[in-house]
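Enquirer:
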Amino acid sequence: MSEATVIIDRYGVMGYPVSHSRSPVIHRLFALQTGQEMRYELLQVTPEKLETAVRQFQRTGGKGLNVTVPHKRAVLDLCDLLSERAATAGAVNTLSFRGSEIHGENTDGIGLLRDLNVNLGVPVQRSSILILGAGGATRGIVGPLLEMQPRVLRIANRTVDKAQIIADHFERYGPVSACGFDEVPVSEPYDLIINATSAGVRGEAPPYPEAAVSDNTFCYDLSYGLSPTPFSTWAREAGAAKSVMGWGMLVEQAAESFEIWRGIRPDTAPVLKQIQINA
Ligand code: ATR
Numbered sequence: 086m087s088e089a090t091v092i093i094d095r096y097g098v099m100g101y102p103v104s105h106s107r108s109p110v111i112h113r114l115f116a117l118q119t120g121q122e123m124r125y126e127l128l129q130v131t132p133e134k135l136e137t138a139v140r141q142f143q144r145t146g147g148k149g150l151n152v153t154v155p156h157k158r159a160v161l162d163l164c165d166l167l168s169e170r171a172a173t174a175g176a177v178n179t180l181s182f183r184g185s186e187i188h189g190e191n192t193d194g195i196g197l198l199r200d201l202n203v204n205l206g207v208p209v210q211r212s213s214i215l216i217l218g219a220g221g222a223t224r225g226i227v228g229p230l231l232e233m234q235p236r237v238l239r240i241a242n243r244t245v246d247k248a249q250i251i252a253d254h255f256e257r258y259g260p261v262s263a264c265g266f267d268e269v270p271v272s273e274p275y276d277l278i279i280n281a282t283s284a285g286v287r288g289e290a291p292p293y294p295e296a297a298v299s300d301n302t303f304c305y306d307l308s309y310g311l312s313p314t315p316f317s318t319w320a321r322e323a324g325a326a327k328s329v330m331g332w333g334m335l336v337e338q339a340a341e342s343f344e345i346w347r348g349i350r351p352d353t354a355p356v357l358k359q360i361q362i363n364a
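Each residue of the sequence shown is one higher than the one before, counting from 86 in our numbering.
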């Protein structure tokens, strides 16, 4: 009798560049913890090769992909079915291959909310929120934040038009508005300020609005690093109550993807601890 070939389910993350991604480590830890047999690969793919690479991964038996910068919007066009969150965000970070179909989901916003609500105990309901930046990261989080019914949600961006387009798109879901960094109304400081710009990745700290910060303000950087990001340093110096980096969101969005693929939600706390130690 011939030996049966064991086929291990394949997953991966596609981005450009992608070498810095912690997703392979996180998913390996989830798989170990939950006893799932799976493989998770790092896939560096240029925008021109995105469609070919996704279809090839699917054709060769891939089960699911995470999609990161700069592909989160482009990959929408490849999906046969979009979750409501992905459709509303206009961005996808999780693909599932179901037979010949590609299903697209966005777990970024729910990942952020789980980190805020469950891990950090930061209330969103009835709070005043300021988001800095108006790119793909902002698109992913505005819908889920509005679902939690904040009192106000303002998007400030260097290029005001981009913030306005996002605010117009989400206006039917809640009280959202747009402005430039120097136009942030500061009559009342914000409860929560979220940095969703990519400025910190290049070590830049734009002129963030200091008057928006009080000693009750919680500052959250979607970026993360071994040492404090420029935004978290700025927030501390501006007198924020607390300033955290996005490690928790990274792990929580990964856990949501893992659950979509494997039907089991891993315990995120030990994984969060481990990747911050071994970052
Ligand atoms: P992502 O998908 O990570 O959100 P993106 O779509 O390229 O990336 O968006 C990057 C965001 O960071 C934008 O809001 C960008 O501002 P502009 O719309 O004005 O380009 C913001 N950003 C990047 N570098 C910045 C800097 N040095 N100062 C201020 N904003 C910056």
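Yeah, the Cβ is synthetic: ideal placement off N, Cα and C, and Gly gets one too.
Is Asn-178 close to the ligand FMN? I mean its beta-carbon at under 7 Å from any heavy atom of the ligand.
Expert: Although the ligand FMN was asked about, the structure shown includes only the ligand ATR as ligands.
Enquirer: By a C-beta neighbour count over all protein chains shown, 10 Å radius and 16 as the cutoff for buried, is Gln-141 buried or exposed?
Expert: Counted from its first residue, the sequence shown places residue 141 at position 56. Flag for Gln-141 reads exposed.
Enquirer: In this structure, what does DSSP give as the bridge partners for Leu-135?
Expert: As a working mapping, residue 135 is identified with position 50 in the sequence shown. Answer is none; Leu-135 lacks a bridge partner.
Enquirer: In terms of DSSP beta bridges, what is Thr-179 paired with?
Expert: What you label residue 179 is simply residue 94 of the sequence shown in a count that begins at 1. Note: Thr-179 sits in a beta bridge opposite Asn-151 and Glu-190.
Enquirer: Should Pro-291 be counted as a contact of the ligand ATR given a C-beta to heavy atom distance under 7 Å?
Expert: Within the sequence shown, residue 291 is the residue found at index 206, counting from 1. Yes, the Cβ of Pro-291 comes within 7 Å of a heavy atom of the ligand ATR.
Enquirer: Using DSSP with H/G/I as helix, E/B as strand and the rest coil, what is Met-334?
Expert: Counting from 1 along the sequence shown, the entry for residue 334 is found at position 249. Under the three-state reduction of DSSP output, Met-334 falls in the helix class.
Enquirer: If you run the structure through DSSP and keep just helix, strand and coil, what is Val-245?
Expert: Residue 245 sits at position 160 when you count from the first residue of the sequence shown. Val-245: helix per DSSP, three-state reduction.
Enquirer: Considering only C-alpha positions, which residue in the set Gly-184, Pro-235, Ser-317 and Gly-146 is nearest to Cys-164?
Expert: On the sequence shown, position 79 is the one that residue 164 refers to. The shortest C-alpha separation from Cys-164 is found at Gly-184.
Enquirer: For Arg-113, which of His-105, Val-103, Leu-180 and Tyr-125 has the nearest alpha-carbon?
Expert: What you label residue 113 is simply residue 28 of the sequence shown in a count that begins at 1. It is Tyr-125.
Enquirer: May I have the straight-line CA-CA distance separating Arg-199 from Glu-133, to the nearest angstrom?
Expert: Start at 1 with the first residue of the sequence shown, and residue 199 comes out as number 114. Start at 1 with the first residue of the sequence shown, and residue 133 comes out as number 48. Using only the alpha carbons, I get a separation of about 34 Å.
Enquirer: Taking 7 Å as the cut-off, is the beta-carbon of Ala-171 closer than that to any non-hydrogen atom of the ligand ATR?
Expert: As a working mapping, residue 171 is identified with position 86 in the sequence shown. Not under cutoff, so the answer is no.
Enquirer: Would you decide whether Met-86 is buried or exposed? Buried here means 16 or more other CB atoms lie within 10 Å of its CB.
Expert: Sequence index remark: in the sequence shown, residue 86 carries index 1 (1-based). The predicted model places Met-86 with a pLDDT of 45, which falls under 50 and marks its position as unreliable, so this point remains unresolved.
Enquirer: Sorted by chain position, which residues of the same chain lie with C-beta nearer than 6 Å to His-254's C-beta, five sequence neighbours on each side aside?
Expert: Reading the sequence shown from its first residue, position 169 is the one you call residue 254. Within the same chain, no residue comes within 6 Å of His-254 by CB-CB distance, once the 5 residues on both sides are set aside.
Enquirer: Grouping DSSP H, G and I as helix and E and B as strand, with all else coil, what is Met-86?
Expert: Sequence index remark: in the sequence shown, residue 86 carries index 1 (1-based). Note that Met-86 has pLDDT 45, beneath the 50 cutoff, so the model's placement of it is unreliable and the number below is only indicative. Met-86 falls in the coil class under three-state DSSP.
Enquirer: Span of the beta strand (DSSP E) holding Phe-303?
Expert: As a working note, residue 303 is residue 218 in the sequence shown. Run containing Phe-303: 303-306, per the beta strand (DSSP E) assignment.
Enquirer: Leaving out five residues before and five after Glu-136 in sequence, what residues of the same chain have Cβ atoms less than 7 Å from its Cβ?
Expert: Locating residue 136 in the sequence shown gives position 51, counting from the first residue. Only Leu-163 meet the Cβ criterion.
Enquirer: Does the distance from the C-beta atom of Gly-100 to that of His-156 stay below 8 Å?
Expert: Here residue 100 refers to the residue found at position 15 of the sequence shown. Here residue 156 refers to the residue found at position 71 of the sequence shown. Going by C-beta atoms, Gly-100 is nearer than 8 Å to His-156.
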